[in-house]
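Single-structure report; data block below.
Protein chains: 2
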Amino acid sequence: MNARPIGVFDSGLGGLTVVNEIKKALPYEDIIYLGDTARVPYGTRSKEVVKKFSLEDAIFLITRKVKCLVIACNTSSALGASEVRKISPVPVFDAISPTVKKVATLSLRKTGVIGTRGTIGSHAYRDAIKKLNAKSKIIELACPLLVPAIEEGETSGQLIRALIRKYLTPLKKEKIDSLILACTHYPIIKKEIKRFMGQGVALIDPAEEIAASLSLYLEEKNLLAPENPKAKRIYFVTDLTSRFIGVAEMFLGERISGSIKKVSL
Amino acid sequence: MNARPIGVFDSGLGGLTVVNEIKKALPYEDIIYLGDTARVPYGTRSKEVVKKFSLEDAIFLITRKVKCLVIACNTSSALGASEVRKISPVPVFDAISPTVKKVATLSLRKTGVIGTRGTIGSHAYRDAIKKLNAKSKIIELACPLLVPAIEEGETSGQLIRALIRKYLTPLKKEKIDSLILACTHYPIIKKEIKRFMGQGVALIDPAEEIAASLSLYLEEKNLLAPENPKAKRIYFVTDLTSRFIGVAEMFLGERISGSIKKVSL
Chain A
1 MNARPIGVFD
11 SGLGGLTVVN
21 EIKKALPYED
31 IIYLGDTARV
41 PYGTRSKEVV
51 KKFSLEDAIF
61 LITRKVKCLV
71 IACNTSSALG
81 ASEVRKISPV
91 PVFDAISPTV
101 KKVATLSLRK
111 TGVIGTRGTI
121 GSHAYRDAIK
131 KLNAKSKIIE
141 LACPLLVPAI
151 EEGETSGQLI
161 RALIRKYLTP
171 LKKEKIDSLI
181 LACTHYPIIK
191 KEIKRFMGQG
201 VALIDPAEEI
211 AASLSLYLEE
221 KNLLAPENPK
231 AKRIYFVTDL
241 TSRFIGVAEM
251 FLGERISGSI
261 KKVSL
Chain B
1 MNARPIGVFD
11 SGLGGLTVVN
21 EIKKALPYED
31 IIYLGDTARV
41 PYGTRSKEVV
51 KKFSLEDAIF
61 LITRKVKCLV
71 IACNTSSALG
81 ASEVRKISPV
91 PVFDAISPTV
101 KKVATLSLRK
111 TGVIGTRGTI
121 GSHAYRDAIK
131 KLNAKSKIIE
141 LACPLLVPAI
151 EEGETSGQLI
161 RALIRKYLTP
171 LKKEKIDSLI
181 LACTHYPIIK
191 KEIKRFMGQG
201 VALIDPAEEI
211 AASLSLYLEE
221 KNLLAPENPK
231 AKRIYFVTDL
241 TSRFIGVAEM
251 FLGERISGSI
261 KKVSL
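Protein chains in written order, with my numbering: chain A, 1 to 265; chain B, 1 to 265.
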């Protein structure tokens, strides 16, 4: 069991920011990643469709005998995690649970949550935080153009700044003290978000919280992989173009071309 | 045969701009529309995936006994039309053929083509124009952020102007005399494109050319529907959210809520 890989799925390539954090926390673990690039993005779609796609992604990884499943995509975590848990024979880690637990440990007055329409419309973050602390003030905001802009490489400069100003001005006015980056793409523009929101606002990245909780779980359950400096990472996608490889490398921060394979679900 | 509906498919809702033009040219025709909103956009995907999705869309309409098929989506027209023609028992109208014929009738010095990455990367417009007039100068340009911006309702104002300036400045410098709006979404921002490019540049809208060639064909083949002021238009989508209804109404320019149905392909 210990030698089995960790399975990570995402609507597309943004989930590679989660793989990055898992690699940092758990360098010896094999990882199998699935990005549903033929049907990305999930963030604009209905709950029903996101559930269906998430289940198909999960089944692909389960049949590859992973020791646990990570839902990197916040939209899938918000709309599909409970369905995935129903069918999964292995533990399922989503983006929301560990992030919300982290938020509960901080004594926060007012927390902002930004994400896709799907994530924000589900109120999954708000509801989970309220369960742990009913008095929390949560302000949720969908930022639908950030994902396509980041995928087009607009990670600094005028355009991304205009979008950040457009979306985040209401949150700045509300004087939030922390902001959950509830979409895998947003860590890529962390610097620009920080620049706009100011040093006083703590940015919370679910990717880091997923990696920390996964790490703790594997340790507690004695499921860590044996030390292995040649840990394998295999990347599957449902569609592959040369541009996708470039985007993947932006998210992963390293070359990927040899280890990325196209599959049909 | 005459009473059978015209089938129109698109990657999503942008194809409703084509339905608009068909309704104007052929007010008595029944229309069945399919928008693949569960997998939109096609413009960023590989040729292989666009072919597969286009075939699935076409088969859905063919089984509903349409008298002809219209591929409203420029990306599907560029990457999937030849496959669709192989399996279709009825004539197939794509966005490229009639547009290119129109361009050939104008004595143009330099033509610009703007579209998705898929459409532009295929060089389908350039190659088809060159076949009719080898001396034509064609400049192609992908504008990937225009579609998500338009879908978010950014059809006038600062943001769309910044994107138009960013993308179209090279075409303006080239002093083109006409510009093909090779994506169903672009007619929505025609005014802003005209404003930037100037009155001297003719904007060519494939939706109008599709409607004109379809109209001519049905007339020549004696396939026009009998006069019927209550022509039926049925809209199918593969995913439906309240936002999709709003976007559909933006493209169609009229209320749609009662006549839109969700289907699985």
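We put the CB at the ideal spot given by N, CA and C, even for glycine.
At a cut-off of 8 Å, the C-beta of A/R39 has a neighbouring C-beta in chain B. Contact between the stretch 4 to 20 of chain B and the stretch 4 to 11 of chain A is absent: fewer than 3 CB-CB pairs across the two stretches fall below 8 Å. The residue among B/R117, B/K175 and B/R45 with its C-alpha nearest the C-alpha of B/L108 is B/K175. Spanning the alpha carbons of A/C143 and B/L145 requires a straight line of approximately 15 Å. If you ignore the 5 residues before and after A/T37, its C-beta comes within less than 6 Å of the C-beta of G12, V237, T238, D239 and F244, all in its own chain and listed in chain order. For a cut-off of 8 Å, the C-beta gap from B/G112 to B/L26 is around 29 Å, too long to register as a contact. When Cβ-Cβ separations below 8 Å define contact, A/P148 makes contact with chain B.
Under the 10 Å beta carbon count, A/G253 is surrounded by fewer than 16 other beta carbons and is classified as exposed.
Neighbourhood of B/D239 in chain A, by CB distance below 7 Å: R45, S46 and V49, in chain order. Here the alpha carbons of A/I164 and B/E209 stand approximately 39 Å from one another.
The three-state secondary structure of B/T169, taken from DSSP, is helix. In this structure, the straight-line span from the alpha carbon of A/T17 to that of B/K67 is close to 49 Å. Chain-ordered, the chain B residues with CB closer than 9 Å to the CB of A/L145 read L145, P148, A149, E152, E154 and L159. Interface criterion met: the Cβ of A/R243 is under 8 Å from a Cβ in chain B. For B/I31, the closest of B/R4, B/S54 and B/T44 by C-alpha to C-alpha distance is B/R4.
Closest in C-alpha terms to A/D94, from the list A/V100, A/A72, A/I114 and A/L79, comes A/A72. With respect to A/G115, A/A211 sits apart: the two C-beta atoms are not nearer than 8 Å. Judged by DSSP secondary structure, A/D57 falls within the alpha helix (DSSP H) whose first and last residues are K47 to I62.
The continuous stretches of alpha helix (DSSP H) do not include A/A72, and DSSP gives it neither H nor E. One Cα belongs to B/I139, the other to B/K110, and the distance between them is close to 8 Å. In the pairwise beta carbon analysis, the stretch 56 to 66 of chain A is classified as not touching the stretch 255 to 262 of chain A: fewer than three pairs are separated by under 8 Å. Contacts with chain B at 8 Å (Cβ-Cβ) do not include A/R64. What B/A248 touches in chain A, judged by beta-carbon distance under 8 Å, is nothing: the nearest beta carbon there is about 13 Å away.
Around the Cβ of A/E227, a 10 Å sphere holds fewer than 16 other Cβ atoms; the residue is exposed.
Listed in chain order, the positions of the stretch 3 to 37 of chain B with a beta carbon within less than 7 Å of a beta carbon of chain A would be empty, since no residue qualifies. By the neighbour-count criterion, in which a residue is buried when 16 or more other Cβ atoms sit within 10 angstroms of its Cβ, B/P41 is buried. Note on the stretch 148 to 202 of chain A: whole beta strand (DSSP E) runs with a minimum of 3 residues are 178 to 181, in chain order. By the criterion of a C-beta distance shorter than 8 Å, A/L55 is surrounded in its chain by G80, E83, V84 and I87, once the five residues flanking it on both sides are discounted. Contact of B/R117 with chain A by beta-carbon distance below 9 Å involves T241 and R243. Secondary structure at A/R4: coil, using DSSP grouped into helix, strand and coil.
Within 8 Å of the CB of B/A162, the CB atoms of chain A belong to Q158, L159 and A162, in sequence order along the chain. Non-local beta-carbon contacts of A/N74 in its own chain, meaning distances under 6 Å to residues more than five positions away in sequence, involve A95, G115, T119, A182 and C183 in chain order.
The Cβ neighbour count for A/P89, taken over all protein chains shown within 10 Å, is under 16; the residue is labelled exposed.
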